[in-house]
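See below for the structure under consideration.
Below, the structure written as structure tokens:
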């Protein structure tokens, strides 16, 4: 499924997924930090937030056409 479809946190939070070479539990989508030196974009960039099996939180960039593989 498209990563951007994970915006419905109630449905997908806590489910296992693989994105690129990272496997973990979906924590949701979050706005990326903005570099104040570059100015503010019209709309904040979203990142996929996954928690791996070791409890490490990963925030990864994704594009409009990137897919995530649901594992459960």
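Residue numbers (this note's numbering): 3 to 74. Ideal Cβ placement from N, Cα and C applies to all residues, glycine included.
Subject >> Segment limits, beta strand (DSSP E) that includes residue 63 >> reply: For residue 63, the enclosing beta strand (DSSP E) begins and ends at 59-63.
**OP:** Please state if the CB of residue 18 and the CB of residue 52 are separated by a distance shorter than 7 Å.
**Re:** Contact flag unset, no.
**OP:** Below 6 Å CB to CB, which residues in the same chain sit around residue 14 once its five sequence neighbours on both sides are set aside?
**Re:** Exclusion of the five residues before and after residue 14 leaves 8, 28 as the residues of its chain whose Cβ lies within less than 6 Å of its Cβ.
Original post:
In terms of DSSP beta bridges, what is residue 33 paired with?
Top reply: According to DSSP, residue 33 bridges with 48.
Original post:
Just the Cα atoms here: how many angstroms apart are residue 68 and residue 50?
Top reply: So the two alpha carbons sit approximately 11 Å from each other.
Original post:
Between the C-alpha atoms of residue 22 and residue 71, what's the straight-line distance to the nearest angstrom?
Top reply: Looking at the two C-alpha atoms, the distance is approximately 9 Å.
Original post:
Since residue 30 and residue 54 are thought to touch, with beta carbons under 8 Å apart, how far apart are those beta carbons, to the nearest angstrom?
Top reply: In fact, because the Cβ distance is near 15 Å, the residues do not count as touching under 8 Å.
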